[in-house]
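First comes the structure, then the notes that go with it.
There are 2 protein chains.
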Amino acid sequence: MDEFSFIRAIKQDYYNQSSLIKGIGDDAAVIRQGTRDIVTAVDTFVEGVHFSRKTMDPIHIGYRALAANLSDLAAMGAEPAFYLTSIVIPSSWSDNELLDVIKGMKQLANQYKIDLIGGDTVKGSELTISINVIGYVLQEKCFYRHTSVPGDVVFVTGTLGDSQAGLHILTYPNEYDQKEYFIRRHRMPTPRIDFARRLQKIKRVTLNDISDGIANEALEIAEASDVSIHLIDEQMPSVKSFQQFPDTLQYQWKYFGGEDFELLGTVAELEWEKVIEAAIETDTPIKKVGYVTTPLETTNVILHKDGKEILLEKKGYIHSR
Amino acid sequence: MDEFSFIRAIKQDYYNQSSLIKGIGDDAAVIRQGTRDIVTAVDTFVEGVHFSRKTMDPIHIGYRALAANLSDLAAMGAEPAFYLTSIVIPSSWSDNELLDVIKGMKQLANQYKIDLIGGDTVKGSELTISINVIGYVLQEKCFYRHTSVPGDVVFVTGTLGDSQAGLHILTYPNEYDQKEYFIRRHRMPTPRIDFARRLQKIKRVTLNDISDGIANEALEIAEASDVSIHLIDEQMPSVKSFQQFPDTLQYQWKYFGGEDFELLGTVAELEWEKVIEAAIETDTPIKKVGYVTTPLETTNVILHKDGKEILLEKKGYIHSR
Chain A
1 MDEFSFIRAI KQDYYNQSSL IKGIGDDAAV IRQGTRDIVT AVDTFVEGVH FSRKTMDPIH
61 IGYRALAANL SDLAAMGAEP AFYLTSIVIP SSWSDNELLD VIKGMKQLAN QYKIDLIGGD
121 TVKGSELTIS INVIGYVLQE KCFYRHTSVP GDVVFVTGTL GDSQAGLHIL TYPNEYDQKE
181 YFIRRHRMPT PRIDFARRLQ KIKRVTLNDI SDGIANEALE IAEASDVSIH LIDEQMPSVK
241 SFQQFPDTLQ YQWKYFGGED FELLGTVAEL EWEKVIEAAI ETDTPIKKVG YVTTPLETTN
301 VILHKDGKEI LLEKKGYIHS R
Chain B
1 MDEFSFIRAI KQDYYNQSSL IKGIGDDAAV IRQGTRDIVT AVDTFVEGVH FSRKTMDPIH
61 IGYRALAANL SDLAAMGAEP AFYLTSIVIP SSWSDNELLD VIKGMKQLAN QYKIDLIGGD
121 TVKGSELTIS INVIGYVLQE KCFYRHTSVP GDVVFVTGTL GDSQAGLHIL TYPNEYDQKE
181 YFIRRHRMPT PRIDFARRLQ KIKRVTLNDI SDGIANEALE IAEASDVSIH LIDEQMPSVK
241 SFQQFPDTLQ YQWKYFGGED FELLGTVAEL EWEKVIEAAI ETDTPIKKVG YVTTPLETTN
301 VILHKDGKEI LLEKKGYIHS R
């Protein structure tokens with residue numbers, strides 16, 4: 001059972017708690033309490049599945065695990081405040097390595113003045129890190145993935161594919177341009193918290209963070225909003241030195257690579273200027289990369305590339321039409 | 001590094017968030033938001049460490065994992081509202097087994113009308129379940145472990161050692177009295193939520209849930225409150241058929257067994273009647289089992305047994321004096 005089926009299977013038909021605004025089905029859950037809403041999400045990372053000791057030091061493992069969680073809060077427009085973590089640690093790990101994992105989390109947490117308020121550790125056979133983040137957002141100010149409408153522009157922050165390029169460099173040591181840049185983007189990604197917070201002044205923004213590749217994230221928005229999302233290949237942002245990699249890898253990493261923890265959003269054409277303002281204020285690279293239409297045939301994501309239309313499907317499966 | 005050292009190592013010197021009332025160091029963290037405080041905790045369970053497929057079905061694994069978390073909220077006097085779960089699942093497990101784990105959680109969750117609001121699953125080599133619970137309590141009404149004072153009476157809910165007796169029965173199949181009772185107590189323990197909620201009318205209650213054996217929990221209260229806790233062996237509650245097991249096992253299970261998820265508390269002598277009322281109203285067995293004094297030599301837990309005083313130390317290490 002993949003994550004999508006699991007989520008569908010465990011989703012409740014109805015919720016008991018009247019304070020719940022959003023249950024399972026977005027980047028985080030939202031609870032109404034007082035004047036602010038509480039936003040909370042959980043993510044788990046397993047050695048050998050999400051990361052490898054060969055390419056990450058313990059400090060990076062901690063840093064990136066928290067970054068991924070904060071990225072979920074960014075996608076909701078929430079301000080992170082707290083986190084709790086559970087770590088399953090193999091007996092082969094030393095205390096110092098375990099503490100380095102925590103150090104990596106704290107390094108990122110300190111940037112946002114987030115507090116670690118709960119922790120648990122237990123011995124096991126493979127390193128597993130589970131993090132729960134808790135943040136705040138003003139009432140009715142959360143960004144969901146079901147609010148996109150035809151006519152919206154599609155935008156993306158930062159550049160795509162960098163994380164996978166960094167992993168490639170670490171996996172196949174060689175001479176590369178901007179080696180350190182790509183490695184850093186893989187090991188210590190930047191959740192786009194500040195940028196997302198500045199979008200608050202816009203009435204409606206649809207937002208997802210790119211943890212599983214832009215194709216999958218776009219599809220999530222398309223399905224939740226019942227629209228089609230069109231992406232224009234030549235507008236996709238990547239750093240110049242990204243071109244040093246073979247075309248097939250570039251394509252794979254950009255659309256299906258994941259773990260860049262950039263934001264993918266859609267917004268009314270009229271509000272686009274405000275998105276740019278938020279980007280400038282927070283020094284965030286931003287790029288218009290497509291547009292939203294009514295659903296074609298079935299809800300989907302269409303990549304316009306070299307004069308062709310490519311249907312981007314879930315899990316990286318590519319179907320030309 | 002054991003859990004205690006880990007907790008000490010990761011605890012922040014100060015917290016940034018002004019809404020935080022209690023960080024690391026109790027059964028759960030407490031956040032002030034609106035008219036109610038939010039209480040949240042995390043716990044992780046690993047196959048082979050916390051449970052075995054030989055003695056638990058998937059449904060019990062899920063049930064007990066959530067029960068343990070709810071027990072943390074009970075120990076804070078909080079009303080549970082939500083939970084999120086992350087499950088690392090071995091590829092040898094079927095989808096149905098995974099869904100049975102969730103079914104176990106939901107069975108217990110439904111009793112308290114708690115909603116599952118976040119989930120994550122990933123393949124790994126050993127089953128690992130991480131649960132984060134979120135609950136509410138009225139402002140200033142949380143029960144902490146640092147509030148015990150000399151002169152308090154010490155009480156405990158339910159009966160002790162049942163869970164370990166159940167595990168023993170499952171591990172060494174044989175003829176036993178009340179077999180099903182003990183097995184059920186092991187697989188499907190009852191968090192004392194309702195009883196703890198009824199204690200709200202008492203001004204000061206010190207409370208811990210018994211997940212690691214009463215000796216360890218008493219020591220946590222003694223250390224946090226800077227008192228000594230005296231436990232009277234002959235007053236310790238156990239079911240009659242508990243006596244079918246050898247004395248040494250009875251002793252081990254009662255004081256160091258853990259996972260009974262009963263509550264250990266201390267309260268002013270004058271308030272004892274109110275504790276009994278709460279117990280009657282919620283049909284909860286309750287027993288006065290000791291008293292609190294100023295710390296003797298060092299903060300500690302003293303068991304009065306057969307005319308002797310036994311110093312109960314952390315992790316089940318027993319030192320006679």
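If you're matching them up, the sequences are chains A and B in order. Position one of the first sequence corresponds to residue 1 (UniProt numbering), numbered consecutively onward. Position one of the second sequence corresponds to residue 1 (UniProt numbering), numbered consecutively onward. Built from N, CA and C at the ideal position, the CB exists for glycine as well.
Item: Compute the Euclidean distance between the alpha carbons of A/Lys-305 and A/Leu-312, then round it to the nearest angstrom.; Value: 12 Å
Item: Assuming B/Ser-71 and B/Pro-191 form a contact by the criterion Cβ under 8 Å, report the distance between their Cβ atoms to the nearest whole angstrom.; Value: 4 Å
Item: Say whether chain A places a C-beta atom closer than 8 Å to the C-beta of B/Gly-118.; Value: yes
Item: Check B/Lys-141 in the structure and name its three-state DSSP category.; Value: coil
Item: What does A/Glu-97 reach in chain B if we use C-beta pairs closer than 8 Å?; Value: Here the premise fails: no neighbours, minimum Cβ distance about 10 Å.
Item: Note the first and the last residue of the continuous alpha helix (DSSP H) segment covering B/Asn-69.; Value: 58 to 76
Item: Name the chain B residues that come within less than 8 Å of A/Ile-24, Cβ to Cβ?; Value: Leu-116, Ile-117, Gly-118, Gly-119
Item: In the stretch 119 to 135 of chain B, which residues sit with their C-beta less than 8 Å from some C-beta in chain A, listed in chain order?; Value: Gly-119, Asp-120, Thr-121, Val-122, Lys-123, Gly-124, Ser-125, Glu-126, Thr-128, Ser-130, Asn-132, Ile-134
Item: Here's a check: name, in chain order, each residue in its chain whose Cβ is nearer than 8 Å to the Cβ of B/Gly-77, leaving out the five neighbours to either side.; Value: Val-137, Lys-141, Cys-142, Phe-143, Ala-196, Arg-197, Leu-199, Gln-200, Val-205, Leu-207
Item: Secondary structure at A/Thr-147, three-state DSSP: helix, strand or coil?; Value: coil
Item: Considering only residues of the same chain and omitting the five flanking positions on each side of A/Phe-82, which have a CB-CB separation below 6 Å?; Value: Asp-115, Ile-117, Ile-134
Item: Based on the DSSP secondary-structure assignment, which residues constitute the bridge partners of A/Thr-266?; Value: A/Val-154, A/Thr-206
Item: Output the distance between the C-alpha atoms of A/Val-227 and A/Glu-269, rounded to the nearest integer angstrom.; Value: 16 Å
Item: 8 Å is my cut-off, CB to CB: does B/Val-113 come that close to chain A?; Value: This sequence places Lys at residue 113 of chain B; Val is not what is there. By this cut-off, B/Lys-113 is an interface position.
Item: Would you kindly report the start and end of the unbroken beta strand (DSSP E) that includes A/His-304?; Value: 301 to 305
Item: Note down the Cα distance separating A/Tyr-176 from B/Ser-5, rounded to an integer number of angstroms.; Value: 43 Å
Item: Taking all protein chains shown into account, decide if A/Ser-86 is buried (16 or more other Cβ within 10 angstroms of its Cβ) or exposed.; Value: buried
Item: Return the chain-ordered ranges of every alpha helix (DSSP H) run that is complete within the UniProt domain "PurM-like C-terminal" (150 to 293) of chain A and spans a minimum of 4 residues.; Value: 162 to 171, 179 to 187, 193 to 198, 214 to 225, 247 to 256, 272 to 281
Item: Give the list of continuous alpha helix (DSSP H) stretches no shorter than 4 residues that lie fully inside the stretch 91 to 126 of chain B.; Value: 95 to 111
Item: Does the distance from the CB of B/Asp-209 to the CB of B/Ala-74 come in under 8 Å?; Value: yes
Item: Between A/Asp-43 and chain B, is the shortest Cβ-Cβ distance under 8 Å, so that the two count as touching?; Value: yes
Item: Specify, as a first and last residue, the run of the beta strand (DSSP E) that A/Phe-45 falls within.; Value: 36 to 46
Item: Cα separation between B/Leu-20 and B/Ala-28?; Value: 12 Å
Item: Can you grab the Cα-Cα spacing for the pair B/Asp-230 / B/Trp-253, in whole Å?; Value: In the sequence as displayed, the identity of residue 230 of chain B is His instead of Asp. Cα to Cα, the separation comes out at about 18 Å.
Item: Can you pull the chain B neighbours of A/Tyr-144, defined as C-beta to C-beta under 7 Å?; Value: Correct list: empty, because the minimum Cβ distance to chain B is about 14 Å.
Item: I'd like to check one pair, B/Thr-266 with B/Val-154: are the Cβ atoms closer than 8 Å?; Value: yes
Item: I need the boundaries of the alpha helix (DSSP H) containing A/Glu-313, first residue and last residue.; Value: Counting along the chain, A/Glu-313 falls outside any alpha helix (DSSP H), and DSSP gives it neither H nor E.
Item: Under 8 Å Cβ-Cβ, which residues of chain B neighbour A/Met-56?; Value: In chain order: nothing, as chain B lies at least about 17 Å away.
Item: The alpha helix (DSSP H) with A/Asn-8 in it runs from where to where?; Value: Residue identity differs from the one stated: residue 8 of chain A is Arg in this sequence, not Asn. Its alpha helix (DSSP H) spans residues 3 to 10.
Item: Which residues bound the beta strand (DSSP E) around A/Arg-32?; Value: 29 to 33
Item: Distance cutoff 8 Å, beta carbons only. Does A/Ser-86 sit that close to anything in chain B?; Value: yes
Item: Looking at the C-beta of A/Glu-220, does it have a partner C-beta in chain B at a distance below 8 Å?; Value: no
Item: Is the separation between the beta-carbon of A/Thr-171 and that of A/Thr-55 shorter than 8 Å?; Value: yes
Item: DSSP three-state call for B/Asn-16: helix, strand or coil?; Value: coil
Item: Would you mind telling me which residues of chain B sit closer than 8 Å to A/Ser-107, beta carbon to beta carbon, in chain order?; Value: Looking at the sequence itself, residue 107 of chain A is Gln, so the reference to Ser does not match. Those within 8 Å of A/Gln-107 in chain B number zero; the least Cβ separation is about 13 Å.
Item: With burial defined as no fewer than 16 other Cβ atoms inside 10 Å of the residue's Cβ, what is the status of B/Tyr-14: buried or exposed?; Value: exposed
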